[in-house]
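Single-structure report; data block below.
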Amino acid sequence: MTGMVLTARERRVKWSLLSLVAALTLSVLLSVGVGPMSISMAQSYYAVLASIGVMVADVPAHMQLVVESIRLPRTVLGMLVGAALAVCGAAMQGLFRNPLADPGLIGVTGGASLAAVAVIVLGGSYFSVVYQWLGPYALMVAAFAGAFLTTLIVARIATTRYGTSITTMLLAGIAIGIVTGAGVGVMTYMADDAQLRTLTFWSMGSLGGATWETVIAAGVLITVTLVGLPMQAKNLNALLLGESEARHLGVRIEAVKKRIILLTALGVGASVAVSGMIGFVGLIVPHIVRLTLGPDHRYLLPASALLGALFLLCADMLARTLIAPAELPIGLITTIIGGPFFIGMVIYRARKLG
Numbered sequence: 519m520t521g522m523v524l525t526a527r528e529r530r531v532k533w534s535l536l537s538l539v540a541a542l543t544l545s546v547l548l549s550v551g552v553g554p555m556s557i558s559m560a561q562s563y564y565a566v567l568a569s570i571g572v573m574v575a576d577v578p579a580h581m582q583l584v585v586e587s588i589r590l591p592r593t594v595l596g597m598l599v600g601a602a603l604a605v606c607g608a609a610m611q612g613l614f615r616n617p618l619a620d621p622g623l624i625g626v627t628g629g630a631s632l633a634a635v636a637v638i639v640l641g642g643s644y645f646s647v648v649y650q651w652l653g654p655y656a657l658m659v660a661a662f663a664g665a666f667l668t669t670l671i672v673a674r675i676a677t678t679r680y681g682t683s684i685t686t687m688l689l690a691g692i693a694i695g696i697v698t699g700a701g702v703g704v705m706t707y708m709a710d711d712a713q714l715r716t717l718t719f720w721s722m723g724s725l726g727g728a729t730w731e732t733v734i735a736a737g738v739l740i741t742v743t744l745v746g747l748p749m750q751a752k753n754l755n756a757l758l759l760g761e762s763e764a765r766h767l768g769v770r771i772e773a774v775k776k777r778i779i780l781l782t783a784l785g786v787g788a789s790v791a792v793s794g795m796i797g798f799v800g801l802i803v804p805h806i807v808r809l810t811l812g813p814d815h816r817y818l819l820p821a822s823a824l825l826g827a828l829f830l831l832c833a834d835m836l837a838r839t840l841i842a843p844a845e846l847p848i849g850l851i852t853t854i855i856g857g858p859f860f861i862g863m864v865i866y867r868a869r870k871l872g
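Numbering (this note's numbering), first residue to last: 519 to 872.
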């Protein structure tokens, strides 16, 4: 009977993952076709295949150029960022054993953003040597350092010899988010006109600046996160039982925490560096997957990556089309969707516990 139940569950997971892959493939073609220049599904298909060298382009040269230079980099970057934020959110929720945990809610996104904004405003003066040495990677290194430091501070505050306090973690995250928000405000006040236009990108999020250079640079770091976090699935499953039980199962708790924190900071830092602050992806997506497939991180993490990529692509298409030819910041779209969802989660948990 147990074998039959496991088989049925694995079958459901398999079909769910295949469905997500199919939906993501369709969304890629739609995303490539959305914009001021209308490109059909068939033309998008041939243009994408030509861009990756599978076949010779069978579309007009100007369409192929738009796809290769503008829309395909933006689409790939959206998938990478969406997958990274969703996987990092799922890992944080597993680490803290709370579905309300999120890289943004515990201050990680704010820390990454503050560090990146500081480089934008102060890079030409205080950090000129480092900025020149790192070149185009300066923002990513700064965002990663800010995300890592913030996560480390939150984890240190919330963890005592009795374990990790979820309430303390959330309160510390809110406090650090306020502090980093104030820091971003100070940097904004100090910025000149050119820097202010750049800072608008960070405050509301956008995929509009995507190029193949940013895709490759961010993709390398995000890939480390997307590969590394699923490797911690068994440890995260053990942590669901509690830290004491996980220790009895042979899990090295502190080492696991450090690995997850490092990988989360890497993924969030790289994402913030190339797309700005995009909230709620790491909160909504893992929760939906958990309701559908259960809490097993062997399935939760890869499914979250696929759904996160799909969610952000759809949000980006809405951002490009709702007020066309103008473009909404993608962070506004995810916040409009995620805000009510988060409030609903809080109300549901309060009634359930009450």
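Backbone N, C-alpha and C define an ideal beta-carbon position, used for all residues, glycine too.
Quantities reported herein were computed from a predicted structural model and do not represent experimental measurements.
N- and C-terminal bounds of the alpha helix (DSSP H) containing residue i
i: Ile675; result: Ala656 to Ala676
i: Met581; result: Ala579 to Val584
i: Ser462; result: No information on residue 462 is available, as it lies outside the stretch 519 to 872 that the chain covers here.
i: Asp834; result: His815 to Thr839
i: Thr782; result: Ile771 to Ser793
i: Ser631; result: Val626 to Leu640
i: Val745; result: Trp730 to Gly746
i: Ile608; result: Checking the sequence shown, residue 608 turns out to be Ala, not Ile. Leu590 to Phe614 is the extent of the alpha helix (DSSP H) around Ala608.
Within 8 Å, strictly: CB atoms of residue i and residue j
i: Ala736; j: Ala665; result: no
i: Gly701; j: Leu657; result: no
i: Pro820; j: Leu535; result: yes
i: Ile848; j: Ser721; result: no
i: Tyr817; j: Val531; result: yes
i: Leu623; j: Leu667; result: no
i: Gly703; j: Gly628; result: no
i: Glu845; j: Gly726; result: yes
i: Gly826; j: Val605; result: yes
i: Ala630; j: Ala661; result: yes
i: Leu831; j: Gly641; result: no
Closest by C-alpha distance to residue i, when choosing among the options
i: Val626; options: Thr716, Arg589 and Leu784; result: Leu784
i: Gly600; options: Tyr564, Val786, Arg869 and Leu809; result: Val786
i: Gly856; options: Val799, Val769 and Ala709; result: Val799
i: Lys752; options: Thr743, Val738 and Gly768; result: Gly768
i: Ala602; options: Thr741, Met863, Gly571 and Cys832; result: Thr741
i: Val577; options: Tyr655, Ile570, Val807 and Ala560; result: Ala560
Under the three-state DSSP convention, the category residue i falls into
i: Asn753; result: helix
i: Ile861; result: helix
i: Met722; result: helix
i: Glu763; result: helix
i: Gly768; result: coil
i: Met573; result: coil
i: Gly551; result: helix
i: Asp711; result: helix
Sequence-distant residues of its chain with Cβ nearer than 7 Å to residue i (five each side left out)
i: Leu652; result: Val659
Spatial neighbours of residue i in its chain, beta-carbon cut-off 8 Å, leaving aside the 5 residues before and after
i: Pro554; result: Ala842 and Pro843
Residues of its chain near residue i, where Cβ-Cβ distance is below 6 Å and the 5 sequence neighbours each way are ignored
i: Pro617; result: Gln611 and His805
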